[in-house]
Amino acid sequence: MLGKRHGWPREGMHPHSLPLTLLGTGILWFGWFGFNAGSALHANGVAAQALMNTFLAASAGMLGWLLVERIKDGKPTTLGAASGAVAGLVAITPCAGFVGGMSPILIGFAAGVLCVLAIGLKFRFKYDDSLDVIGVHLVGGIIGALLLGFFADSKVNELVVDEGVFLGGGFKLLWFQFVASAATFAFSFVLSFAIAKVIDKLVGLRVSSEDEDEGLDYSQHAETAYSFGSTGSMDRLP
Numbered sequence: 001m002l003g004k005r006h007g008w009p010r011e012g013m014h015p016h017s018l019p020l021t022l023l024g025t026g027i028l029w030f031g032w033f034g035f036n037a038g039s040a041l042h043a044n045g046v047a048a049q050a051l052m053n054t055f056l057a058a059s060a061g062m063l064g065w066l067l068v069e070r071i072k073d074g075k076p077t078t079l080g081a082a083s084g085a086v087a088g089l090v091a092i093t094p095c096a097g098f099v100g101g102m103s104p105i106l107i108g109f110a111a112g113v114l115c116v117l118a119i120g121l122k123f124r125f126k127y128d129d130s131l132d133v134i135g136v137h138l139v140g141g142i143i144g145a146l147l148l149g150f151f152a153d154s155k156v157n158e159l160v161v162d163e164g165v166f167l168g169g170g171f172k173l174l175w176f177q178f179v180a181s182a183a184t185f186a187f188s189f190v191l192s193f194a195i196a197k198v199i200d201k202l203v204g205l206r207v208s209s210e211d212e213d214e215g216l217d218y219s220q221h222a223e224t225a226y227s228f229g230s231t232g233s234m235d236r237l238p
């Protein structure tokens, strides 16, 4: 819908602020306990299990992502740590209250490894994804939804009717998860595309190339976050 950012991928697009990224990740991680454990709607064992699963999956996702970075690039990064944690959180969300034991660790680790590999697809297929939503959230969500079909445990939650493949439940739940994931993807894509089209026709989704080069902080709000130096039109700041 938006197209590529001006200069991508020729020019490096560095994170705005790594300290703020890590701070935001910590806040997000803490908040994730609320809606995963809170989804139990009671202060009970399922809520406690969901909270623990959330923590373990995020930690494992971080480790998985950093391991791939270490092997591929020779150095782990703080941005990778934040991205891996979010990948683990995304993946555990569909199954936080339905798995136990080592399952959340395996789910989170798988998400960390596969999501860091998935973000490389944007360079292969030439699509610009500035926040790696496809690589982290789409891929991470699908991983979590499908792995529930392998790890669902009725001992953790009595609502589990068909246990996962690894617990002797066969492939029935895995098939249901696949169909549900495909339906959710199709619904979300079609509805999001329609909404974006309407917004684009009414007010426009993309700024001009000049505003993009100038920076949206200045072109849209006439101010910048930092004033350690000035270039171009930023000299006009009062």
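Start counting the sequence shown at 1; every next residue gets the next number (full-length UniProt numbering). Yeah, the Cβ is synthetic: ideal placement off N, Cα and C, and Gly gets one too. Values in this document were obtained by computation on a predicted structure and should not be read as measured data.
Residue i (DSSP reduced to helix, strand or coil)
i: Met-1; result: coil
i: Ser-152; result: Looking at the sequence provided, one finds Ala at residue 152 rather than Ser. Coil.
i: Asp-132; result: coil
i: Lys-172; result: helix
i: Val-190; result: helix
i: Leu-159; result: coil
i: Arg-10; result: coil
Residue i, buried or exposed, once every other Cβ within 10 Å from all chains shown has been counted against 16
i: Asn-44; result: exposed
i: Phe-193; result: exposed
i: Met-1; result: exposed
i: Glu-69; result: buried
i: Gly-24; result: exposed
i: Pro-9; result: exposed
i: Leu-106; result: buried
i: Ser-208; result: exposed
Cβ-Cβ separation, residue j to residue i (assumed contact under 8 Å), whole Å
i: Trp-65; j: Val-116; result: 5 Å
i: Leu-121; j: Leu-79; result: 18 Å between Cβ atoms; not a contact.
i: Leu-147; j: Ala-110; result: 7 Å
i: Val-156; j: Phe-98; result: 6 Å
6 Å Cβ shell around residue i - same chain, five flanking residues per side excluded
i: Asp-132; result: Ile-119
i: Ala-37; result: Ala-47, Ala-50, Leu-51
i: His-16; result: none
Chain-order list of residues whose beta-carbon lies under 7 Å from that of residue i (same chain, five-residue window excluded)
i: Phe-150; result: Gly-164, Val-165, Phe-166, Leu-174
i: His-137; result: Val-90
i: Ala-96; result: Asn-36, Ala-50, Asn-53, Thr-54
i: Ile-142; result: Ser-181
i: Ala-82; result: Thr-21, Leu-22, Thr-25
**Asked** Hey, which unbroken runs of the alpha helix (DSSP H) at 4 residues or more fall wholly within the segment 12-74?
**Response** 18-37, 45-73
**In chain order, each alpha helix (DSSP H) run of at least 4 residues that lies wholly inside the segment 94-124** = 103-118
**Request:** Report the residue ranges of all alpha helix (DSSP H) runs contained in full by the segment 196-232; include only those spanning at least 4 residues, in chain order.
**Result:** 209-214, 216-221
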